Each structure stands twice: as structure tokens, then as C-alpha cells.
Amino acid sequence: MNILITGASSGFGRSLALKYAHEWDNLQLYLVARRGEKLQILRNEILTMKKNISVILGTGDVCNKSFIDNFTNNIDVDILVNNAGLARGIESAEKTQFHDWEEMIEVNIKALSYLTHKILPSMVKRKSGHIINIGSIAGTYPYPGGNVYGASKAFVKQFSRNLRADLYDKNIRISNIEPGLCDGSDFSITRFHGDSQKAQNVYANTFPLHADDIANIIFWVSTQPQHININSIEVMPTTQASAGLNVYRI
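Counting from 1, position 78 in the sequence shown corresponds to residue 78 in UniProt numbering; the numbering is continuous, with no gaps.
Take a look at the structure:
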């Protein structure tokens with residue numbers, strides 16, 4: 001079983017790699033992230049836990065097509081987890097930095113699309129495979145400051161649906177996981193450009209989801225019988241709900 005996980009150095013990706021390693025034997029885990037030191041720590045942790053697993057690291061940027069081409073050459077991927085993604089800023093649209101929008105589009109849309117396009121032909125040829133995209137409830141529910149991040153996750157939602165329409169007769173499964181408020185990753189630190197205090201405030205005085213929760217859900221989705229395709233799962237902490245419409249009052 002060959003499993004490729006992007007954004008594997010922290011958060012959902014790291015937890016998922018450990019989950020697969022704990023539950024399955026004789027795996028080839030292909031782990032991609034920019035932070036090589038964290039990937040190496042994860043690799044050592046996995047190999048300490050299991051000896052009959054191969055862990056192949058790809059240190060690089062998922063937006064770099066040459067890196068993706070070289071890393072995925074001659075790999076027949078059974079499960080692709082498009083986990084790499086980010087949010088930048090929470091400002092109203094007119095106050096944002098355009099390069100933040102560009103970065104979200106590059107990672108959340110273009111990199112995910114390119115890797116999927118790269119892996120798909122082999123899956124179609126073998127008539128086997130599962131692509132699991134990590135979306136967000138932001139792709140469904142608008143909120144102030146969500147602008148391009150929410151739009152990028154709406155793309156992931158519709159892209160997943162359209163892949164299902166293209167591939168339903170090819171024995172290839174497509175799933176979209178849409179988490180709500182979730183701690184245990186670098187997501188909010190990245191969103192606030194490294195301001196850890198602002199990031200901590202996002203989760204203050206509530207009970208968010210954790211990265212392991214999402215890893216457990218992804219693992220469950222990928223272990224269903226072949227004739228079952230989980231199209232999407234929307235998951236929030238019990239303390240979160242979709243809010244009503246905002247109303248401006250004078």
C-alpha cells in the first residue's frame with residue numbers, strides 16, 4: 001500500500017501518518033512538506049513504532065512542479081491525501097495584502113490540482129485508488145475575513161464533486177473532509193503570520209477539534225469497503241455551529 005500525504009510535518013498530516021503507521025503494516029509512506037527537520041523527526045518516530053514500514057520523505061514546496069514531478073516519478077499511489085493548505089489573514093477584503101490571496105490560491109488550488117493531475121493517470125490505468133482532499137467548512141459557510149480562503153476551499157469541494165463525476169466508472173474513490181475549528185496544528189499561526197498569541201486566542205475558552213480527531217476520520221474514510229465512497233464529511237466541534245446571517249445595525 002502506497003500512501004502519499006502532503007503537509008505531513010505537522011497538524012492533520014503528521015497525525016494521519018502516525019495513524020496509518022500504527023494501524024497498518026507493510027506500508028510505503030510518502031510524506032511531503034517544506035520542513036525537512038520535522039519530517040525527519042516524524043520518520044524516526046514511525047520507524048521506532050514499526051519496522052516493516054518504509055517512509056520516504058519529500059522535502060520541498062508543493063507549488064514547485066519540478067519537485068512534485070521528481071518526487072512522484074514511478075510511484076503508484078494507492079491513497080493520495082491532499083492535505084497541504086493554508087490561510088493568510090483575517091482582514092476584510094479591502095484591507096488584505098494581495099500576495100496573501102495569491103499564496104492561498106497557489107497552495108490550496110493550483111498545487112492540489114497539479115498533484116492530483118499528476119497521480120490520476122496511474123490510478124485510472126490500475127482502476128484503483130482513493131484521493132482524499134482536505135477542505136474546510138469555510139468552503140460552505142461565509143464569514144467576515146474568509147474571502148479568498150473560503151473561496152479556495154469552495155473550489156476543493158466542487159473539484160472533489162466533479163472528480164467523482166469523471167471517475168465513478170473507474171473504481172476510484174474521491175472524498176472531501178471539511179473540518180471546522182481545530183487546534184493542534186500550525187494553521188492559525190500561519191494565518192496570523194507567526195503571531196502565536198493571536199493564534200491561541202482563536203481557541204481560547206472553547207473546546208475545538210484536534211488534529212488526531214481529523215486523522216481518525218480520514219483513516220475511517222479510507223478503510224471503508226471498496227464499493228463505498230464517502231463523498232464528504234463536514235465535522236465541527238460540539239461548541240461550534242454555522243451562525244445566522246450577519247446584520248449591520250446603525
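Glycine included, C-beta positions come from ideal geometry on N, C-alpha and C.
Bear in mind that the values here come from a model prediction, so they are computed numbers and not experimental data.
Item	Value
List the endpoints of the continuous alpha helix (DSSP H) containing residue 72.	65-72
What is the DSSP secondary structure of residue 40, reduced to helix, strand or coil?	helix
Could you tell me which of 118, 90, 42 sits nearest to residue 67, measuring between CA atoms?	118
Is it buried or exposed, residue 193, if we count other Cβ atoms within 10 angstroms and call 16 or more buried?	exposed
Which same chain residues, not among the five before or five after residue 221, have their C-beta less than 6 Å away from its C-beta?	175, 230
Is the stretch 145-160 close to the stretch 206-225, with three or more CB pairs under 8 Å?	no
Quick check on the burial criterion: 16 or more other C-beta atoms within 10 angstroms. Buried or exposed for residue 130?	buried
Which whole-angstrom value describes the C-beta separation of residue 87 and residue 62, a residue pair presumed to lie in contact below a C-beta threshold of 8 Å?	About 16 Å separates the two Cβ atoms, so there is no contact after all.
Would you check if the stretch 10-21 and the stretch 175-186 touch, i.e. whether three or more CB-CB distances between them fall below 8 Å?	yes
How many whole angstroms separate the CB atoms of residue 218 and residue 81, which I take to be in contact at a CB cut-off of 8 Å?	7 Å
Nearest by alpha-carbon distance to residue 233: which of 223, 134, 226, 204 is it?	134
Can you list, in chain order, the residues of its chain whose CB lies under 6 Å from that of residue 147, leaving out five sequence neighbours each side?	93
Report the start-end ranges of each alpha helix (DSSP H) in the stretch 131-185 that is 4 residues or longer and not cut off at the edges.	147-167
Indicate whether the contact test is met: 3 or more Cβ pairs, each with one atom in the stretch 20-32 and one in the stretch 92-108, closer than 8 Å.	no
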